[in-house]
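Participant:
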Amino acid sequence: MAGGGFSDAGNLKRAHLYEYRITGYFVFACFVAAMGGSLFGYDLGVSGGVTSMDDFLKEFFPRVYHRKQAHGHETDYCKFDDQTLTLFTSSLYFAALVSTFAASNVTKNYGRRLSIIVGSISFFIGAVVNAAAVNIAMLIIGRCLLGVGIGFGNQAVPLYLSEMSPAKVRGAVNQLFQLTTCLGILVANLVNYATEQLHPWGWRLSLGLAVVPAILMFIGGILCPETPNSLVEMGRLEEARKVLEKIRGTKNVDAEFDDLIDASKEAQAIKNPFQNLLKRKNRPQLVIGALGIPAFQQLTGNNSILFYAPVLFQTLGMGSGASLFSSLISSIALVVATLISMALVDKFGRRFFFLEASAEMIAYMVITAIILALDFGDGKQMSKGVSIFLVLIIFLFVLAYGRSWGPLGWLVPSELFPLEIRSAAQSVVVCVNMMFTAIVAQFFLASLCHLKFGIFLLFGCLIICMACFVFLLLPETKQVPIEEIYLLFENHWFWKNVVREEGNQKDGHEQEKAEETSTSSQV
1 MAGGGFSDAG NLKRAHLYEY RITGYFVFAC FVAAMGGSLF GYDLGVSGGV TSMDDFLKEF
61 FPRVYHRKQA HGHETDYCKF DDQTLTLFTS SLYFAALVST FAASNVTKNY GRRLSIIVGS
121 ISFFIGAVVN AAAVNIAMLI IGRCLLGVGI GFGNQAVPLY LSEMSPAKVR GAVNQLFQLT
181 TCLGILVANL VNYATEQLHP WGWRLSLGLA VVPAILMFIG GILCPETPNS LVEMGRLEEA
241 RKVLEKIRGT KNVDAEFDDL IDASKEAQAI KNPFQNLLKR KNRPQLVIGA LGIPAFQQLT
301 GNNSILFYAP VLFQTLGMGS GASLFSSLIS SIALVVATLI SMALVDKFGR RFFFLEASAE
361 MIAYMVITAI ILALDFGDGK QMSKGVSIFL VLIIFLFVLA YGRSWGPLGW LVPSELFPLE
421 IRSAAQSVVV CVNMMFTAIV AQFFLASLCH LKFGIFLLFG CLIICMACFV FLLLPETKQV
481 PIEEIYLLFE NHWFWKNVVR EEGNQKDGHE QEKAEETSTS SQV
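Per UniProt numbering, residue 1 is the first one in the sequence shown, and the count goes up by one each step.
1. Which ranges would you report for the alpha helix (DSSP H) in the segment 258-313 if only whole runs of at least 4 residues count?
2. Just verifying my parser: in three-state terms, what is the DSSP assignment at Asn252?
3. I need the boundaries of the alpha helix (DSSP H) containing Arg170, first residue and last residue.
4. For the alpha helix (DSSP H) containing Gln426, list its first residue and its last residue.
5. Is there contact here, the segment 135-153 with the segment 25-34, by at least three beta-carbon pairs under 8 Å?
6. Could you tell me if Val157 is buried or exposed, where buried requires 16 or more neighbouring beta carbons within 10 angstroms of its beta carbon?
7. Where Phe325 and Lys384 are concerned, what is the direct C-alpha to C-alpha distance, given to the nearest angstrom?
8. Can you tell me the Cα-Cα spacing of Glu476 and Glu415, whole angstroms?
9. If you run the structure through DSSP and keep just helix, strand and coil, what is Asn491?
10. Could you name each continuous alpha helix (DSSP H) segment of 4 residues or more that falls completely within the segment 28-78, going from the start of the chain to the end?
11. Once the 5 residues before and after Ile215 are set aside, which same chain residues still bring their CB inside 8 Å of it?
12. Which complete alpha helix (DSSP H) runs does the segment 151-206 hold, if anything under 4 residues is left out?
13. Using only alpha-carbon positions, find the residue among Leu458, Cys468, Gly289 and Arg351 that is nearest to Ala424.
14. With DSSP collapsed to three states, give me the class of Leu339.
15. Between Asn272 and Val430, what straight-line distance do the alpha-carbon atoms span, to the nearest angstrom?
16. Pull up the distance between the alpha-carbon of Gln297 and that of Ser52, whole angstroms please.
17. Are the Cβ atoms of Cys224 and Val32 separated by less than 8 Å?
18. Can Ala34 and Phe177 be called in contact, C-beta distance under 8 Å?
19. Take the Cβ of Gln69 as the centre, count every other Cβ of all protein chains shown within 10 Å, and call the residue buried at 16 or more, exposed below.
20. Which class does Phe94 belong to by DSSP, given the choice of helix, strand or coil?
21. Of all the options Leu487, Leu44 and Asp55, which has the alpha carbon lying nearest to the alpha carbon of Lys281?
22. Could you say if the segment 155-175 and the segment 457-464 meet the contact criterion of at least three C-beta pairs nearer than 8 Å?
23. Hey, would you say Met434 sits closer than 8 Å to Ala103, going by beta carbons?
24. Does DSSP put Ala9 in a helix, a strand or coil?
25. Let's see if you can read the secondary structure: which residues bound the alpha helix (DSSP H) around Ala133?
26. Using the C-alpha atoms, what's the distance from Asn130 back to Thr300?
27. Measuring CA to CA, which of Tyr110, Met164 and Trp203 is closest to Leu139?
28. Could you check where the alpha helix (DSSP H) with Val212 kicks off and where it finishes?
29. What residue range is occupied by the uninterrupted alpha helix (DSSP H) comprising Phe80?
30. Is Phe354 near Ser427, with beta carbons less than 8 Å apart?
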């Protein structure tokens, strides 16, 4: 039974019968749907740039502005430490955290496309409110509406891409979400670099242009087909088969379609998918995909750098224009890294990229901490050579993250879960991701103020823990059909003891019941 943990595994070994070719229809659907990532990316890039603009600070955070002006070009860890200012960034992610559970219900019962459309509308309204803001309350309300849009988009788009993709190219296709996220960050930094010169309303243009990715995502939701998995789940079997034939470019889809139907029957038997997610047979997916990887993705520290890159570089003594330019360089690194990952992840595998990049990231965090410990703080002005070297180290760190924890943090969870719990599990993935994103965003500047260079050593230690987690617990999932992923855990050195225990208990209960029935019949 497709997606099940212990029933009729034989049916699931039909993947070798799957046929496909890459069609124009499939490419169009995936590229347009992936535009949902541009919402997340544009906001990641634009918020940090806006919070470093003097016109924005003067209007909403005058105390931070005066502190910044008083220190001039000095290096100061606490220059931008203000909880209300960081709430401007983190409020979006708290809203996304809450909205993802509503998104789960919409995604499961009404399809992936509707979630994409709802998310785009909410993001559009939020962008308009932010651009027109006259007080902090309007800013926060606008950010919350943006968060609802991201909650719905991040819930639906990774699932959409994974379900539309043949197993052999699923890694590259799913990373279109990360690619559009990175392109959104890059465009946002370019916009910030231009609007920083437009006084006093440049920040409004930066925030208002978020309507563009919202419109693109809305168009994607209208034009793209629903996934075959979702159509089967809604009982629209004839339509599901037509879509499957169209995206696979062949009429011979019997084996894959049968697996989808089997998975749907299993899903319909589950009355409470969130409760089912807690069952022992789904414990590996829960620990790795729903909790571990989404949390670790944020604890690398990379998104803190992306949120606050302009602020961070100004803290290091660079001017406003120079800091925006440096963050632009970092966003270019992210795009390049994603393209590398898309090209090679289905060849070298997920574990290779996780582990190799983690080793690099640890080294870069230690180097950053050493530089700051020796040549930063107490009002000193960092030399130009040291500043350039530090920007280079951050560039290399982002390059490592961008081909590993960035894209794989969305890819791996989206391919781990069986259909019966997939929508609920994706809600937990987004919820955990947004929760840690919000926490890190809210407290990064305060932590930088109090821990100073030690915060980068903390991130380095956390990355060591993440690498060990992946090395010990994550099996390789490259080119494995989604509906057969559970078989990896049944043969994993650690997880096989977890998932088989429930299977053995179930078999034992069935055997006892059979013996009781036999005894009764004999009597």
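Glycine included, each C-beta is placed from N, C-alpha and C at the ideal position.
Facilitator: According to the structure data:
1. 273-277 and 293-299
2. coil
3. Arg170 to Asn174
4. Leu419 to Leu451
5. no
6. buried
7. 15 Å
8. 11 Å
9. coil
10. 36-50, 54-60 and 62-71
11. Ser120 and Phe124
12. 170-174 and 176-195
13. Gly289
14. helix
15. 19 Å
16. 25 Å
17. yes
18. yes
19. exposed
20. helix
21. Leu487
22. no
23. no
24. Confidence at Ala9 is low in this model, with a pLDDT of 34, below 50, so its placement is unreliable and the value that follows should be read with caution. Looking at Ala9 - three-state DSSP - the assignment turns out to be helix.
25. From DSSP, Ala133 is part of no alpha helix (DSSP H); its letter is neither H nor E.
26. 29 Å
27. Trp203
28. Val211 to Leu223
29. Element bounds for Phe80: n/a, residue is neither H nor E.
30. no
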